[in-house]
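2 protein chains.
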Amino acid sequence: MNRTTAPTLHDVARMAGVSTATVSRCFNLPDRVSAKTRETVMRAVEELGYTPHFGGRALASNRSNTMGAVIPTMENAIFARGLQAFQETLGEAGITLVAASSGYDPAHELEQIRTLVGRGIDGLLLIGAARPDETYAFLERRRIPYVMAWSYQAGHAGCFVGFDNRRAAMIITRKVIELGHRHIAMIAGITNNNDRASDRVDGVRAAMDEAGLTGRDLRVVEARYSLNSGRRACLELLETKPHPTAIICGNDVLAVGAITKAKELGLRVPGDLSVTGFDDIELARAVEPKLTTMHVPHRRMGQAAARALLAIRDGATDCPGTLLKTQLIMRGSLAAPA
Amino acid sequence: MNRTTAPTLHDVARMAGVSTATVSRCFNLPDRVSAKTRETVMRAVEELGYTPHFGGRALASNRSNTMGAVIPTMENAIFARGLQAFQETLGEAGITLVAASSGYDPAHELEQIRTLVGRGIDGLLLIGAARPDETYAFLERRRIPYVMAWSYQAGHAGCFVGFDNRRAAMIITRKVIELGHRHIAMIAGITNNNDRASDRVDGVRAAMDEAGLTGRDLRVVEARYSLNSGRRACLELLETKPHPTAIICGNDVLAVGAITKAKELGLRVPGDLSVTGFDDIELARAVEPKLTTMHVPHRRMGQAAARALLAIRDGATDCPGTLLKTQLIMRGSLAAPA
DNA sequence: AAAAACGATGTAAACGCTTGCATGAATTAA
DNA sequence: TTAATTCATGCAAGCGTTTACATCGTTTTT
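Quick note, the sequences are listed as chains R and W, same order. Take the first sequence: its letter number 315 is residue 315 in the working numbering, and every next letter is one higher. Start counting at 1 in the second sequence, then tack on 1000, and there's your number in the working numbering.
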């Protein structure tokens, strides 16, 4: 036995005393092989420590059993969690994940997509819908099945597995207004090239309109995804008069940053200032007061995305997209104004 | 993915009026081809929209330009952050990342490693050193270069890119003792199959010994990686007399859980109870009081791991491992006992 | 001017696997 | 008993690339 090179189908076949075809079938169509033979083969597989060679497999079957994902960054807990679930679900189906990150840059995203496609993926997970036509054109030309997560744009072509960011933001804003707040401010994520962030701003605006409050009553500051940006943005909002009595944040991290800053400035939360988040990550329950936020089912989204991609692979013709529900979670950081 | 229409090397060769070998060389050894020919070939490549087929390439060259990573879970911020940096550094070198997760289960880790190896990776990132001999044997037999991150076991074979968990835990414990604490407890991560967690416990014990405190003075409770587990563990520790005056936690998440529980129970932190963390994730600065913790350079670790793997790929013979430094960050959650 | 060296290109054999088709044995139907 | 059917397995032709090795002009050396 040659110990220096990986064992091949051939080695297994020889050891088990069968043909390579039979060994191959043991892996791919187990019920086409008699139980006895299968057992012999599997014993040889064990003994040799055989693992199928990806290249050979991809070449012969025209399938890579690999799916790609390009997300903004794994450092953001919501994507990390979604990606984890995506990978787990894929793994159950024998698919491995190839991952890349775009750093929120559409040009870089396209570059990453190109690389993954060249690597031979059977499907692709993307985040949101805001990207240049060029990217969509590339995907169409190469016939790569893809799903977009975290968004759900009814008018947009393609397959979505996400939720209605705008509507969710409306719901949380309605609650804020219902409690009596009139001076409302928003700390939004960076909206450039980010439909999730901009939809949330739109949603807040829409709810204000609906309640007869004018856009002038809403001050919006954009901030990068970090506690410190949230703190800075909060400070900026509190420097001008009249103070807002409630700050609606585009995500939990910004909200927690805002809360800590507000407390540092001697404000009571929610007594003097209410703050709301969005996402419901673990952080939301670590801060005092606990964060009132919009719960997003990140894990379920990752799972659903994986299932959608698997369905397409298995021949689903129409888009097996999913519109997920979010849920308003009332905790301590939102109350009626003083 | 429709590969039946994808152009092949052959198509390019025919169009350019050369052999497939020449086309291949245009990609891999451009200076072995005359400028004129190369230009003709590249024009054909452009026109056909040709992209090399990954499977064929991997099969023929026995190289994939792909590296793998098997981490416990991406949902843990420290791994997500390290993986992100790992992927970025790899990307700069034209390598793509294939990712899988083990869920902290050694058997599952081996399974994932098998899959990735079968997929044809040129190198592998693993977390920690605690895994069965079988796994190491497999890697050796398949001659897969690998590095282990988050740990640094001097006596252990293999290449480490990590830090000394034991020593770091000693340092933070010394500080706790130095401030006057004598009744100390620890909330550790699950130590089973986790050398980072068990090294941290060892470190705490060692520092206690060093100070002449007996092991009896240290109560250790293990807890899963979640806020709630930290809360439960904290409660458990506070139910028995004498109360500890300081709780050393194996990671920040547990520490934050402990702090929130302590505050709920009406204890002042750090007045009645000091709490320390480990990792220094963003959460550590979101809680009140801010967490005294051991800073771990997760991103630098991911980068260093990528660089080590690239060095090995490029022929480095001795292990290009790295021992990273951690740093004690004093914030508000640790003070002298009342 | 002949010999040697070189450079550009082509030839063809792998690489490890899947799969349509063929084969032959075992089972069932007639 | 014979023919038809089923089932397990083997045979062998690819799949798209890379890469020794061979080939054949061209240049350099002697």
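No residue lacks a Cβ here, since even glycine has one placed at the ideal position from N, Cα and C.
Could you tell me whether the Cβ atoms of residue i and residue j are closer together than 7 angstroms?
i          : j          : result
Met344(R)  : Ala207(R)  : Residue 344(R) lies beyond the stretch modelled for chain R, which goes from 1 to 338, so this question has no answer here.
Val161(R)  : Thr326(R)  : no
Thr191(R)  : Ala197(R)  : yes
Phe1163(W) : Tyr1146(W) : no
Val41(R)   : Ala6(R)    : no
Arg299(R)  : Ala77(R)   : no
Ala80(R)   : Met1074(W) : yes
Ala100(R)  : Gln112(R)  : yes
Arg38(R)   : Cys26(R)   : yes
Leu310(R)  : Ala93(R)   : yes
Ala262(R)  : Cys234(R)  : yes
Step through the CB atoms of chain W and report whether any lies within less than 7 angstroms of the CB of residue i.
i         : result
Ser84(R)  : The residue you asked about is not Ser; residue 84(R) is Gln in the sequence shown. So, interface residue.
Ala305(R) : no
Glu46(R)  : no
Gly162(R) : no
Ile248(R) : no
Pro52(R)  : yes
Ala80(R)  : yes
Gly128(R) : no
Glu111(R) : no
Gly55(R)  : yes
Ala6(R)   : yes
Please report the distance separating the alpha-carbon of residue i from that of residue j.
i          : j          : result
Ile329(R)  : Val1045(W) : 55 angstroms
Arg1166(W) : Arg1200(W) : 5 angstroms
Cys1159(W) : Cys1319(W) : 5 angstroms
Gly975(W)  : Val1221(W) : The structure shown does not extend to residue 975(W), since chain W is modelled only from 1001 to 1338, so the question has no answer here.
Val98(R)   : Pro1270(W) : 45 angstroms
Ile281(R)  : Asp252(R)  : 7 angstroms
Asn1002(W) : His1010(W) : Unreliable positioning characterises Asn1002(W) in this predicted model, as indicated by a pLDDT of 35, which lies under 50. The coordinate reading is nonetheless provided below. Computed Cα separation, rounded: 18 angstroms.
Ile1071(W) : His181(R)  : 46 angstroms
Thr227(R)  : Gly257(R)  : A small fix is needed here, since residue 227(R) is Leu in this sequence, not Thr. Leu227(R) and Gly257(R): Cα-Cα distance of roughly 4 angstroms.
Thr214(R)  : Ala335(R)  : 22 angstroms
Thr1004(W) : Asn1194(W) : The pLDDT assigned to Thr1004(W) is 40, lower than 50, so where the model puts this residue is not dependable; a value taken from the coordinates is nonetheless given after this. Going from the Cα of Thr1004(W) to the Cα of Asn1194(W) covers about 47 angstroms.
Tyr1050(W) : Phe54(R)   : 21 angstroms
Glu109(R)  : Leu125(R)  : 12 angstroms
Arg142(R)  : Arg63(R)   : 14 angstroms
Thr1135(W) : Gly1155(W) : 18 angstroms
His1183(W) : Ser1102(W) : 36 angstroms
Val23(R)   : Gly1056(W) : 21 angstroms
Gly302(R)  : Gly277(R)  : 21 angstroms
Arg174(R)  : Pro242(R)  : 21 angstroms
For residue i, decide whether its Cβ has a neighbour in chain R, counting only Cβ atoms nearer than 7 angstroms.
i          : result
Val1074(W) : Sequence check: residue 1074(W) is Met here, not Val. It does: the Cβ of Met1074(W) has a partner Cβ on chain R nearer than 7 angstroms.
Val1070(W) : no
Gly1123(W) : no
Met1001(W) : Note that Met1001(W) has pLDDT 35, beneath the 50 cutoff, so the model's placement of it is unreliable and the number below is only indicative. Met1001(W) counts as touching chain R.
Ala1286(W) : yes
Phe1027(W) : no
Ala1058(W) : yes
Thr976(W)  : Summary: the structure shown does not reach residue 976(W), with chain W confined to residues 1001 through 1338, and so no result is reported for it.
Val1256(W) : yes
Leu1283(W) : yes
Gly1118(W) : yes
Identify the residues that DSSP records as bridge partners of residue i: which are they?
i          : result
Glu1222(W) : Ala1188(W)
His1295(W) : Asp1279(W), Gln1327(W)
Phe160(R)  : Met148(R)
Met1067(W) : Leu1097(W)
Ser1274(W) : Ala1246(W)
Thr322(R)  : Val161(R)
Ile113(R)  : In DSSP, Ile113(R) forms no bridge with anything.
Leu125(R)  : Ala69(R), Val147(R)
**OP:** Using a Cβ-Cβ cut-off of less than 9 angstroms, give me the residues of the segment 93-109 of chain R that come near chain W, in sequence order.
**Re:** Gly94, Thr96, Leu97, Val98, Ala99, Ala100, Ser101, Gly103
**OP:** Closer than 8 angstroms, Cβ to Cβ, to anything on chain R: give me those residues from the segment 1216-1242 of chain W, in chain order.
**Re:** Ser1226, Leu1227
Subject >> Residues in the segment 1130-1144 of chain W having any Cβ partner in chain R nearer than 7 angstroms >> reply: Phe1138, Arg1141, Arg1142
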